Amino acid sequence: MRMDFPQVDLPVDIIAWTEVTEEVLNIYKQACRLQACIFALCQEGSINVSINLMETEVKQGDFITLLPGSIIQFHGQKEKFKLSFIGFSAHCLTGINLIQSAPGSFPTILEYPVINLNETLLSYLKDYFALLARVTTGPYPPDTRMAQQILSNLLYVVEKLYGTSPLSGKYPQSRKEEIYRKFIQLVIENYMHERHAQFYANQIGISLQHLSTTIKQVTGKNVLDIIANVVLVDAKAKLKSTDMTVQEIAYSLNFPSASFFGKYFKRYMGVKPLEYRNN
C-alpha cells in the first residue's frame, strides 16, 4: 500500500492526558496519517487543525474523534487552550472492529469528526477523561485486554453522542467533499460484498475517473486503498479477536476463496492472514 503521509502511532496500548500542550500538538505540524484511534475534548480556547485535509477550528465544548487512517495537521492556536486526550494504539485496535462497534454512527463520524457538546455532556466527559488519565498513569496501567474494553465502552458513548447531535447542514460542503463523504458512506455500507471502484462510481452517478481524481485530491489516497482499509479493519479484528478460520473470514467478507483472501490481505499488510494472527 502506498504511504503518502508519515504514519503516526502510539507507543503503548492506551494513553490519556488531561493537559495536552502546544508542544505535544507540534508533533502534528506536518500532515500525518494516524494508525491509532484518538478522542479529544476541547475544554477551553480554540485551535486550528486540518482533519482529512479539511480545515476546521476546534473550540470549547468540541469533541473530536479521529479514526485510524485519518490525516491530521495542527496549524496553531488562536488563544490559550485546554485539551484532553485519550488514544489507543494500532496494536490495541487489532481486537476491535470499529465499524461494528459503532454501526449507526461510523459513517457520520467520518463525515463529522468534530461535534459540539452541551455543558452537561462536556462536564461528564471531562470527568471521564480525568478518570482515564488517572487509571492509565497509575501504578497498575491497563493491559491490552482492559484497554480494548475501555475503547469499546468509549465507542458506545460516542455512538450515543452522535445519535443525539444535530449534524445535518452543520458544515458547508464543496462538491469534492460531498463526493468523498458519499463514497465513504457507501464503502461502509457495502464493503463486505463490493470492492470494485466502478460500483461506487455508479452509485454516486459519476465516472470512475471523476471519482478517482476527486478522492485523490481530497485524501491523498486512491479509491482502492480506501476500500481495502475498511475491509482490513474488519479482517484484522476477526483474525485477532475470534477463532474463525481464515476460510470463514474470507467467506464472511465475500471473497471467493481463502486463497484469494490471503493474497488480498498480503498485498496490503505484507504478511499472510495466519502470520498476522500468530504474530
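Note that the sequence shown covers residues 833 to 1111 in the numbering used here.
Yeah, the Cβ is synthetic: ideal placement off N, Cα and C, and Gly gets one too.
Just so we're clear, the structure is a prediction, and the values are computed from it rather than from any experiment.
1) Rounded to whole angstroms, what is the Cα-Cα separation between Glu991 and Leu1106?
2) On the DSSP letters alone, give me the boundaries of the alpha helix (DSSP H) that Asp959 sits inside.
3) What does the alpha-carbon distance come out to for the pair Ala848 and Val856?
4) By the three-class DSSP mapping on this structure, what secondary structure does Thr1074 have?
5) Using the DSSP secondary-structure output, state which residues sit across from Phe871 in a beta bridge.
6) With DSSP run on the structure shown, which of helix, strand or coil describes His1025?
7) When you compare the CB positions of Glu876 and Lys912, do they come within less than 9 Å of one another, or not?
8) Out of Ile883, Gln862 and Phe920, point me to the one whose CA is closest to Asp841's CA.
9) Provide the residue span of the alpha helix (DSSP H) that contains Ala1090, from first to last.
10) Could you compute how far the alpha carbon of Asn950 sits from the alpha carbon of Leu1085?
11) Between the Cα of Thr853 and the Cα atoms of Pro900, Cys864, Leu915 and His907, which residue gives the shortest distance?
12) Just to confirm the assignment: which complete alpha helix (DSSP H) runs, minimum length 4, are found wholly within the region 1025 to 1061?
13) So does Val967 have its beta carbon nearer than 8 Å to some heavy atom of the ligand GDP?
14) Compute the distance between the beta-carbons of Phe895 and Phe871, then report whether it is under 9 Å.
15) Flag this pair as touching only if the region 1011 to 1027 and the region 930 to 939 have three or more C-beta atom pairs under 8 Å; answer yes or no.
16) Apart from the five residues on each side of it in sequence, which residues of its chain come closer than 7 Å, Cβ to Cβ, to Lys891?
17) My guess is that Phe1097 and Ala1069 are in contact by the Cβ rule of under 8 Å, so how many angstroms apart are they, rounded?
18) Assuming Thr976 and Cys924 make a contact with CB atoms under 8 Å, what is their CB distance in whole Å?
19) With H, G and I counted as helix, E and B as strand and the rest as coil, what does DSSP make of Val844?
Once the coordinates are examined:
1) Computed Cα separation, rounded: 32 Å.
2) That run of the alpha helix (DSSP H) goes Glu951 to Thr969.
3) So the alpha carbons of these two residues sit roughly 13 Å apart.
4) In the structure shown, Thr1074 sits in coil (DSSP, three-state: anything other than H, G, I, E or B).
5) The partner list for Phe871 (beta bridge, DSSP) reads Thr897 and Ile918.
6) Three-state DSSP puts His1025 in coil, outside helix and strand.
7) Between Glu876 and Lys912, the C-beta spacing is below 9 Å.
8) Among Ile883, Gln862 and Phe920, the Cα nearest to that of Asp841 belongs to Phe920.
9) Residues Ala1090 to Met1101.
10) In this structure, the alpha-carbon of Asn950 lies about 39 Å from that of Leu1085.
11) Among Pro900, Cys864, Leu915 and His907, the Cα nearest to that of Thr853 is on Leu915.
12) Segments of the alpha helix (DSSP H) lying fully in the region 1025 to 1061: 1029 to 1036 and 1040 to 1051.
13) What this structure holds is no ligand at all, so the ligand GDP is not there to describe.
14) Between Phe895 and Phe871, the C-beta spacing is below 9 Å.
15) Yes: at least three Cβ pairs fall under 8 Å.
16) Cys874 and Ser878, listed in sequence order.
17) Rounded, the Cβ-Cβ distance is 13 Å, inconsistent with contact.
18) Correct: roughly 6 Å between the Cβ atoms.
19) Three-state result, Val844: coil.
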